[in-house]
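Following: one structure in structure tokens, then a few remarks.
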Amino acid sequence: MMSAKKQITFEQAMDELETIVTKLEEGDVPLEEALSIYQKGVKLSKVCHDKLQHAEKQMATIMTDTGEEPLDLNNEDSTS
Amino acid sequence: MSEPTYLTVQAITKYIKRKFDADPHLSNLYIQGEISNFKRHSSGHCYFTLKDDKARILAVMFSANTSKLKFRPENGMMVLITADVSIYEASGQYQLYVKTMQPEGIGALFLAYEQLKERLSKEGLFDVSRKRSLPLYPKTIGVVTSPTGAVIRDILTTIERRYPIAKVKLYPSSVQGDKAAPSIVQAMEKASHDDSLDLLIIGRGGGSIEELWPFNEEQVARAIIAFPIPVISAVGHETDVTIADFAADHRAPTPTAAAEMAVPHIDEVRERLMTKEVRSMRSINELLKIKQNQLRVLAESMVFKKPERLYTQQMERLDRLSLQLKKELFLTVQASREKMSQFDRQLSRLHPKEMITIQENRRKQLDRAIQLRMKEVIKRKSSEFSGRISTLGALSPLKIMNRGYSLVYDENNSLIKDNVKVSKGQEIRVALATKDLLCQVNEVKERE
Chain A
92 MMSAKKQITF
102 EQAMDELETI
112 VTKLEEGDVP
122 LEEALSIYQK
132 GVKLSKVCHD
142 KLQHAEKQMA
152 TIMTDTGEEP
162 LDLNNEDSTS
Chain B
10 MSEPTYLTVQ
20 AITKYIKRKF
30 DADPHLSNLY
40 IQGEISNFKR
50 HSSGHCYFTL
60 KDDKARILAV
70 MFSANTSKLK
80 FRPENGMMVL
90 ITADVSIYEA
100 SGQYQLYVKT
110 MQPEGIGALF
120 LAYEQLKERL
130 SKEGLFDVSR
140 KRSLPLYPKT
150 IGVVTSPTGA
160 VIRDILTTIE
170 RRYPIAKVKL
180 YPSSVQGDKA
190 APSIVQAMEK
200 ASHDDSLDLL
210 IIGRGGGSIE
220 ELWPFNEEQV
230 ARAIIAFPIP
240 VISAVGHETD
250 VTIADFAADH
260 RAPTPTAAAE
270 MAVPHIDEVR
280 ERLMTKEVRS
290 MRSINELLKI
300 KQNQLRVLAE
310 SMVFKKPERL
320 YTQQMERLDR
330 LSLQLKKELF
340 LTVQASREKM
350 SQFDRQLSRL
360 HPKEMITIQE
370 NRRKQLDRAI
380 QLRMKEVIKR
390 KSSEFSGRIS
400 TLGALSPLKI
410 MNRGYSLVYD
420 ENNSLIKDNV
430 KVSKGQEIRV
440 ALATKDLLCQ
450 VNEVKERE
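Residue numbers (our numbering), protein chains in the order written: chain A, 92 to 171; chain B, 10 to 457.
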């Protein structure tokens with residue numbers, strides 16, 4: 092199991108959350124396990140929320156020969 | 010008469026070649042014909058025969074010119090060429106030195122497009138099984154396109170609107186002209202080393218087939234197929250389908266569509282997340298309710314209400330058993346005791362006291378009998394004895410001697426009887442009743 096903290100990607104978290112939900116919905120999970128995976132689900136959902144809420148708006152960059160630079164399209168106009 | 014001048018083969022060949030080369034009617038010719046005996050040398054030069062139904066002429070096209078060909082010449086293909094006519098000195102053959110070539114009827118680019126499409130398709134490179142699915146929540150999206158075109162602008166606008174938490178990295182390339190294809194391949198090569206990318210969009214805006222051509226180049230198609238992560242192509246308008254579109258994992262009709270394809274809408278993602286939360290909450294609540302119900306049912310069961318029921322029966326049983334045990338023990342002891350006293354009685358009945366008395370009586374009886382018998386015997390014996398004594402007294406020699414008889418003994422005290430020899434002078438003793446007479450024999454006289 093992955094630690095539901097930093098390493099997990101949003102997609103993995105969503106997938107795992109879906110697995111947990113499906114398992115819970117099947118209904119035949121023993122209570123302790125159900126509670127523990129529910130707690131895990133709550134954690135995962137928080138991780139996802141955090142990733143969605145706190146993710147900064149990403150800046151687009153351009154990969155030049157010298158490296159990565161911010162991309163600003165306002166200087167030039169489209170040609171093609 | 011002067012001697013004729015003999016020319017070398019080389020000289021005459023050179024002369025003819027010069028004539029050919031100098032003739033304006035033999036250069037920059039436009040010729041149409043059918044290709045046959047087509048051979049491509051490893052150097053890139055192509056050798057073939059151009060023919061029609063009446064004549065044929067050898068042709069060569071050097072690699073500098075073949076490399077510009079968009080299509081692949083094939084036998085039987087009707088082509089339009091521009092060429093010069095010249096002599097190949099080594100064989101003395103005149104031939105066409107082809108400068109350009111295009112297929113007759115259809116455009117060269119269209120033919121090239123169809124040929125490449127068919128070839129790559131036969132290699133299986135466009136197979137549906139090769140198509141990779143796009144990541145659901147990409148974090149970083151690479152874009153290979155012109156840094157100044159509308160493409161990157163449309164993509165950025167769309168991603169910012171739908172999924173602002175994704176990052177876009179532009180790998181700039183030229184997208185038009187002869188240098189475009191290598192430039193696109195180079196930009197993709199660079200992007201392929203970027204581990205942060207989750208998917209790649211390559212694209213350019215609409216244009217003529219010539220303008221879109223770089224995306225029909227084999228090297229671009231192969232770069233797309235070999236790309237390590239999924240690729241979305243967005244080239245031209247909806248109606249323009251390039252080789253790149255076939256090679257890509259997904260084709261978007263426009264750059265905006267490519268961006269929409271690449272990222273989910275963040276609100277939709279939130280909703281998905283919420284749905285999952287609601288579902289899991291509902292499930293766990295339901296489960297808890299079920300378990301609580303089960304618990305309540307169990308708690309209300311008889312066992313918990315009257316727990317003593319669990320042990321009263323056992324207690325009863327214990328009592329009954331211990332009672333029974335005592336009883337059994339008592340009975341056993343009593344039985345044993347009875348048996349013992351019975352034995353006791355039997356034993357006392359068998360006591361030898363009476364036997365002893367009987368025997369004692371018998372002994373006394375015998376004793377008396379024996380005493381009696383003994384007295385009788387003694388009485389008889391003593392009377393017998395006294396009889397004998399009187400007899401004995403009557404027979405005693407002393408009584409005889411008292412009547413005058415004597416006994417003669419020799420010197421050894423042996424009685425001398427009549428038959429005993431007695432000699433003269435022998436000392437003898439004559440015993441009388443009360444005295445002994447010691448005598449010497451004077452004479453022995455036999456009586457008659």
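Just so you know, even glycine gets a beta-carbon here, dropped at the ideal spot from N, CA and C.
- Its Cα nearest to that of residue 238(B), the residue 256(B) stands out among 66(B), 248(B), 256(B) and 227(B).
- Around the C-beta of residue 139(A), 16 or more other C-beta atoms lie within 10 Å, and the residue is accordingly described as buried.
- Counting C-beta atoms within 10 angstroms of its own C-beta, residue 172(B) has 16 or more neighbours from the protein chains shown and is therefore classed as buried.
- With a threshold of 7 Å between beta carbons, residue 305(B) makes no contact with chain A.
- Counting C-beta atoms within 10 angstroms of its own C-beta, residue 352(B) has fewer than 16 neighbours from the protein chains shown and is therefore classed as exposed.
- Of all alpha-carbon atoms in 83(B), 79(B) and 47(B), the one lying nearest the alpha-carbon of residue 69(B) is that of 47(B).
- C-alpha of residue 428(B) to C-alpha of residue 455(B): approximately 12 Å in a straight line.
- Annotated three-state conformation of residue 58(B) is strand, per DSSP.
- The alpha-carbon of residue 193(B) is positioned some 23 Å away from that of residue 142(B).
- Here residue 212(B) is not near residue 232(B), since their CB atoms are 7 Å or more apart.
- Against chain A, the CB of residue 25(B) has no partner CB under 7 Å away; the residue lies outside that interface.
- At least one C-beta of chain A is nearer than 7 Å to the C-beta of residue 286(B).
- When Cβ-Cβ separations below 7 Å define contact, residue 148(A) makes contact with chain B.
- Note that the C-beta distance between residue 438(B) and residue 424(B) is not below 7 Å.
- Of the candidates 411(B), 406(B), 434(B) and 408(B), the residue whose Cα lies closest to the Cα of residue 419(B) is 434(B).
- When C-beta atoms of the stretch 82-90 of chain B are compared with those of the stretch 32-47 of chain B, three or more pairs fall below 8 Å, so the two segments count as touching.
- If you look at residue 239(B), you'll find it isn't in any beta strand (DSSP E); DSSP assigns it neither H nor E.
- In the three-state DSSP reduction, residue 213(B) falls in the strand class (E or B).
- Between residue 285(B) and residue 109(A), the beta carbon gap of about 6 Å places them in contact (Cβ cut-off 8 Å).
- Under DSSP, the beta-bridge partners assigned to residue 449(B) are 436(B).
- Under DSSP, the beta-bridge partners assigned to residue 150(B) are 177(B) and 208(B).
- In the displayed model, residue 280(B) falls within a helix according to three-state DSSP.
- In the DSSP assignment, residue 103(B) is bridged to 96(B).
- Checking the DSSP bridge columns, you'll see residue 259(B) partnered with 241(B).
- Closest in alpha carbon position to residue 179(B), among 168(B), 162(B) and 153(B), is 153(B).
- Listed by position along chain B, the residues whose Cβ is nearer than 9 Å to that of residue 118(A) are 292, 295, 296 and 299.
- 76(B) is the residue among 312(B), 52(B) and 76(B) whose C-alpha sits nearest the C-alpha of residue 187(B).
- For residue 111(B), the number of other beta carbons within 10 angstroms of its own is at least 16, and it is reported as buried.
- Taking C-beta atoms as the reference points, residue 259(B) and residue 215(B) fail to come closer than 7 Å.
- Linking residue 263(B) to residue 161(B) through their CA atoms gives a straight-line distance of about 11 Å.
- Only those residues of the stretch 236-263 of chain B whose C-beta falls short of 7 Å from the nearest C-beta of chain A would be listed, and there are none.
- Selection 91(B), 421(B), 27(B) and 105(B) evaluated against residue 65(B) yields 105(B) as nearest (Cα-Cα).
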